[in-house]
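Asks:
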Amino acid sequence: MPSTLEISSLKIDHSLQIGENGKLETGYKNSHINTDNTADYQNGNGTIWKQDYGKTNRFLYAENIHALYSSYEQKMDRFSLQLGLRYESTNYDANQLGNIERADSAFSRQYIGFFPSGYLSYRPFGCPSIFRLPNGGLSMAR
Numbered sequence: 003m004p005s006t007l008e009i010s011s012l013k014i015d016h017s018l019q020i021g022e023n024g025k026l027e028t029g030y031k032n033s034h035i036n037t038d039n040t041a042d043y044q045n046g047n048g049t050i051w052k053q054d055y056g057k058t059n060r061f062l063y064a065e066n067i068h069a070l071y072s073s074y075e076q077k078m079d080r081f082s083l084q085l086g087l088r089y090e091s092t093n094y095d096a097n098q099l100g101n102i103e104r105a106d107s108a109f110s111r112q113y114i115g116f117f118p119s120g121y122l123s124y125r126p127f128g129c130p131s132i133f134r135l136p137n138g139g140l141s142m143a144r
């Protein structure tokens, strides 16, 4: 059952200090995936082997994701606030190749999305713990 998987990615990040307590971070990321999977089935009866077209198949898949993101962090005494936004554009194509018993089957999808993020953290007196509100939840990190 031969299979090929190719993954490539590119990532670029930039950080800019703004004043004494602010920081702006921006970036871009691209990932690309290609797969080619073949499943070859045969039924044997002694020395005679016949292709089982009900199970034999080949599946091709390609996916490409582009993402732009930015976040701003501001520190104020023991508090720290960070807000961010990520934009993603995703497209993929999938193709189940047919054979003499089955027709090809293919589908594609393209979509975009915006993903906001934010947190508020507090560092108490002499305590290394941070209390955060990541995306609306409460947690404690050490």
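Residue numbering for the sequence shown follows the numbering used here, beginning at 3 and increasing consecutively. Just so you know, even glycine gets a beta-carbon here, dropped at the ideal spot from N, CA and C.
(1) If you reduce the DSSP assignment to three classes, tell me which class Ser119 lands in.
(2) Run through the DSSP bridge pairs and tell me what Gly29 is partnered with.
(3) Can you grab the Cα-Cα spacing for the pair Glu22 / Lys13, in whole Å?
(4) Relative to the C-alpha of Pro126, which candidate in Ile20, Phe81 and Asn32 has its C-alpha closest?
(5) With DSSP run on the structure shown, which of helix, strand or coil describes Asn23?
(6) Please determine if the stretch 71-91 and the stretch 39-50 are in contact, where contact requires at least 3 C-beta pairs separated by less than 8 Å.
(7) Compute the Euclidean distance between the alpha carbons of Lys57 and Glu8, then round it to the nearest angstrom.
(8) Which residues does DSSP list as the beta-bridge partners of Ala96?
(9) Label Tyr121 either buried or exposed according to how many other C-beta atoms from any shown protein chain fall within 10 Å of its C-beta, with 16 as the threshold for buried.
(10) For a quick check, are the C-beta atoms of Arg104 and Tyr63 less than 8 Å apart?
(11) Could you check the C-alpha separation between Leu85 and Asn93 for me, to the nearest Å?
Replies: Looking at the atomic coordinates:
(1) What you label residue 119 is simply residue 117 of the sequence shown in a count that begins at 1. DSSP places Ser119 in strand when its eight states are reduced to three.
(2) What you label residue 29 is simply residue 27 of the sequence shown in a count that begins at 1. Gly29 pairs with Asp15 and Tyr71.
(3) Position 20 of the sequence shown holds residue 22. Position 11 of the sequence shown holds residue 13. Those two C-alpha atoms are separated by around 27 Å.
(4) Translated into the one-based positions of the sequence shown, residue 126 becomes position 124. Among Ile20, Phe81 and Asn32, the Cα nearest to that of Pro126 belongs to Phe81.
(5) Walking along the sequence shown from the start, residue 23 turns up at place 21. Three-state result, Asn23: coil.
(6) no
(7) Numbered from its first residue, the sequence shown carries residue 57 at position 55. Numbered from its first residue, the sequence shown carries residue 8 at position 6. Taking the straight line joining both Cα atoms gives about 25 Å.
(8) Position 94 of the sequence shown holds residue 96. For Ala96, which the question treats as bridged, DSSP gives the partners Tyr63 and Phe109.
(9) Position 119 of the sequence shown, counted from the first residue, corresponds to residue 121. Buried, since its Cβ has 16 or more Cβ neighbours within 10 Å.
(10) Taking the first residue of the sequence shown as 1, we reach residue 104 at position 102. Taking the first residue of the sequence shown as 1, we reach residue 63 at position 61. Cβ distance not < 8 Å, so Arg104 and Tyr63 don't count as in contact.
(11) Residue mapping note: residue 85 aligns to position 83 of the sequence shown, counting from 1. Residue mapping note: residue 93 aligns to position 91 of the sequence shown, counting from 1. Leu85 and Asn93: Cα-Cα distance of roughly 27 Å.
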